[in-house]
Amino acid sequence: MEIILLITSIVSLCSALVGLLTAFVTYRKIIIEKKEKNLQPTATDEDSK
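Here my numbering is used: position 19 in the sequence shown is 19, and no number is missing along the way.
As structure tokens, this is what we get:
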């Protein structure tokens with residue numbers, strides 16, 4: 001019985017880590033996209049000058 005509890009706890013821990021990792025990756029993607037969107041208008045403004 002203890003082995004089953006240990007396995008389930010490890011599996012839940014791994015799934016939690018995977019969820020954290022995916023959340024972090026999507027967060028980084030959103031930041032990079034926002035930076036690119038913010039950089040593009042400034043580049044066009046400099047070109048128009």
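Yeah, the Cβ is synthetic: ideal placement off N, Cα and C, and Gly gets one too. Keep in mind that this is a model prediction, so the values were computed, not measured.
Inter-residue Cα distance where the pair is residue i and residue j
i   : j   : result
K37 : I30 : 10 Å
I3  : G19 : 24 Å
L21 : K34 : 20 Å
L6  : Q40 : 51 Å
Own chain partners of residue i with C-beta closer than 6 Å, once the 5 adjacent residues on each side are dropped
i  : result
T8 : none
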